[in-house]
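A.B. asks: Quick one: this structure, given as structure tokens, is what I'll be asking you about.
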């Protein structure tokens, strides 16, 4: 095959000794569906999920005519992969090809190895990888008399709504439709929120966590 596959981390780097026949990539869009009285069903796109990669390959126990020149034994490669997985830290996945390249930080979500009769020492490996995007902000749970309140980097406490209830800080998973349903009892009135926040919201289908918007009366 006209490409090369690598894994790289602070603890080690290796090239996959036998190029997989194919690398599968998938990404799913998450949508929220609502039923409108006498109006049928509508859908509001919310966010795109992380990309997933998967492939199957062989880790030979000794150099063969079809393995890459920079050869590493199967036991060493499996040990390295499982160590990365157990550490829960991301590694860099690189696939350099003729038509397209992949260069992403990933988590090793699943690793399976099979040793077949008559091929003792060789490992047939199946890997499933999940794109890693670090959280933009770190939150710490701080005990309070009324329960747990999220605190950003041990700084000032956040309250998503002001006392008068007219301002709201967008949370992950929010949609204008859902906010209109919450505050007005009718998701169809999301345009009222959109019109009041046109200076902050360019597309009513795209709102982002930590945006502060106005909920009109």
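Numbering (UniProt numbering), first residue to last: 1 to 217.
Ideal placement from N, C-alpha and C gives every residue a C-beta, glycine not left out.
None of these values were measured; they are calculated from a predicted model.
Who are the near neighbours of residue 194 in its chain, counting only those whose CB is closer than 8 Å to its CB and skipping five residues on each side?
C.D. replies: Excluding positions up to five away in sequence, the list reads 176, 201, 204.
A.B. asks: Between which two residues does the alpha helix (DSSP H) harbouring residue 82 extend?
C.D. replies: Where residue 82 is concerned, the enclosing alpha helix (DSSP H) stretches over 74 to 87.
A.B. asks: State the Cα-Cα distance for the pair residue 106 and residue 60, rounded to the nearest angstrom.
C.D. replies: Rounded to the nearest angstrom, the two C-alpha atoms are 24 Å apart.
A.B. asks: Who are the near neighbours of residue 54 in its chain, counting only those whose CB is closer than 6 Å to its CB and skipping five residues on each side?
C.D. replies: Closer than 6 Å at Cβ, skipping near neighbours: 24, 128.
A.B. asks: Please report the Cβ distance between residue 104 and residue 93, rounded to the nearest whole angstrom; I am assuming they are in contact, meaning their Cβ atoms lie under 8 Å.
C.D. replies: Their Cβ separation, rounded to whole angstroms, is 6 Å, which keeps residue 104 and residue 93 in contact under 8 Å.
A.B. asks: How many angstroms separate the CA atom of residue 12 from the CA atom of residue 48?
C.D. replies: Going from the Cα of residue 12 to the Cα of residue 48 covers about 31 Å.
A.B. asks: Can you give me the C-alpha to C-alpha distance between residue 64 and residue 72, rounded to a whole angstrom?
C.D. replies: Residue 64 and residue 72: Cα-Cα distance of roughly 11 Å.
A.B. asks: Return helix, strand or coil for residue 107, following the three-state DSSP convention.
C.D. replies: The answer is strand: DSSP assigns residue 107 an E or B state.
A.B. asks: What three-state label does DSSP hand residue 196 in the structure shown?
C.D. replies: Correct three-state label for residue 196: helix.
A.B. asks: Is it true that the CB of residue 50 sits closer than 9 Å to the CB of residue 252?
C.D. replies: Examination of residue 252 is not possible in this model, given that the chain is present from 1 through 217 alone.
A.B. asks: Closer than 8 Å: is that where the CB of residue 179 sits relative to any heavy atom of the ligand ADP?
C.D. replies: This structure lacks the ligand ADP; in fact it carries no ligand of any kind.
A.B. asks: Identify whether residue 113 lies in helix, strand or coil by the three-state DSSP scheme.
C.D. replies: Strand.
A.B. asks: In whole angstroms, what separates the C-alpha of residue 20 from that of residue 56?
C.D. replies: The alpha-carbon atoms of residue 20 and residue 56 are separated by roughly 6 Å.
A.B. asks: Taking only three categories from DSSP, how would you classify residue 211?
C.D. replies: Residue state, collapsed to three classes: coil.
A.B. asks: Can you tell me where the beta strand (DSSP E) holding residue 127 begins and where it ends?
C.D. replies: First-last of the beta strand (DSSP E) with residue 127: 123 to 131.
A.B. asks: Just how far apart, CA to CA, sit residue 38 and residue 207?
C.D. replies: Using only the alpha carbons, I get a separation of about 27 Å.
A.B. asks: For residue 112, which residues of its own chain have a beta-carbon under 6 Å away from its beta-carbon, when the five flanking residues on both sides are left out?
C.D. replies: 126, listed in sequence order.
A.B. asks: When we look at the beta-carbon of residue 41 and count the other beta-carbons within 10 Å, is it buried (16 or more) or exposed?
C.D. replies: It is exposed - the Cβ of residue 41 has fewer than 16 other Cβ atoms within 10 Å.
A.B. asks: Please report the straight-line C-alpha distance between residue 75 and residue 120, rounded to a whole angstrom.
C.D. replies: Spanning the two alpha carbons is a distance of roughly 12 Å.
A.B. asks: If you follow the beta strand (DSSP E) that residue 181 is in, where does it begin and where does it stop?
C.D. replies: No beta strand (DSSP E) contains residue 181, which is instead part of the alpha helix (DSSP H) from 176 to 184.
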